[in-house]
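See structure below.
Residue numbers (our numbering): 4 to 165.
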């Protein structure tokens, strides 16, 4: 049985996925609808759980956007066969214990051009926010006001050429 996973990424890493034919090496950190997510959001349903997990992966993608990258959050949606919870982890964070071939990716979510300024500021504030800086955390949260667009796997080539 496969598990739908949401893998934080960046446009340069997406280019690497396209060139190499998959996501790796293992272990791969990702997000998934876990028992913790279901429990924390018990009054919601599967679609809302998946949206919450997508949002968490999108925020984690900020830490992967390099200085030379186009500042847009990227999340790969894939089906993985071998997924496990990290020891001591809570929430939606999981570990994928297999290389994910390109054929296992079912969609890609990417920020639109109008989010570039907010994502750039969030990328620059990411480390400080992670260290507990409240103002940096607010800057990081602001990019969550931007919705990610959905792209089919056939559109990955166009995304990395932009």
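Beta carbons: idealized from backbone N, C-alpha and C, even for Gly.
Report task. Compare the C-beta of residue 125 with all C-beta atoms of chain C and state if any pair is closer than 8 Å. Result -> Note that chain C does not occur in the displayed structure, where there is just one protein chain.
Report task. Figure out for me which residue from 86, 83, 63, 82 has the closest Cα to the Cα of residue 76. Result -> When only C-alpha atoms are compared, the closest one is 63.
Requested in this report: Reducing DSSP to helix, strand and coil, say where residue 98 ends up.
Outcome: Of the three classes helix, strand and coil, the one that applies to residue 98 here is strand, per DSSP.
Requested in this report: Give the straight-line distance between the Cα atoms of residue 87 and residue 25, rounded to the nearest whole angstrom.
Outcome: Distance between residue 87 and residue 25, taken at the CA atoms: about 19 Å.
Query raised in the report: Span of the alpha helix (DSSP H) holding residue 126?
Result: Start and end: 119-133.
Query raised in the report: Does DSSP put residue 90 in a helix, in a strand, or in coil?
Result: Assignment of residue 90 by DSSP, reduced to helix, strand and coil, places it in the coil class.
Query raised in the report: Any contact of the segment 83-97 with the segment 30-40, i.e. 3+ C-beta pairs under 8 Å?
Result: Three or more Cβ pairs drawn from the segment 83-97 and the segment 30-40 lie within less than 8 Å of each other, which places the two stretches in contact.
Query raised in the report: To which residues of the same chain is residue 129 closer than 7 Å at the C-beta, ignoring the five residues directly before and after it?
Result: So the qualifying residues of the chain are 65, 66, 143.
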